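A.B. asks: Everything in the sequence shown is counted per my numbering, starting at 756 for the first residue and increasing by one. Beta carbons are placed, not taken as given, at the ideal position from N, Cα and C, and that holds for glycine. Quantities reported herein were computed from a predicted structural model and do not represent experimental measurements. First the structure, then my questions, so here it is.
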Amino acid sequence: MQETNAVQTIHFKSQLELNEKRRQERDHKVAQIFKELDGMLDELNLNNKSNN
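The structure is reproduced here in structure tokens:
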């Protein structure tokens, strides 16, 4: 029984680590998207100012 619990604990810990890694990857992708959007908005603002 203890061996089963140990295996389950190891599996659970590895799942948590995998979930954390995936969360960090998603956070990084979201940050990249916001950075790109900021750049696009800056471009639009510059174009808008030069047109007025």
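1. Got a sec, what are the start and stop residues for the alpha helix (DSSP H) Asn-807 sits in?
2. What's the gap between the Cα of Leu-785 and the Cα of Ala-761?
3. According to DSSP, simplified to helix, strand and coil, what is Met-756?
C.D. replies: Let me spell this out:
1. Going by DSSP, Asn-807 is part of no alpha helix (DSSP H) at all; its letter is neither H nor E.
2. In the sequence as displayed, the identity of residue 785 is Val instead of Leu. Cα to Cα, the separation comes out at about 36 angstroms.
3. Of the three classes helix, strand and coil, the one that applies to Met-756 here is coil, per DSSP.
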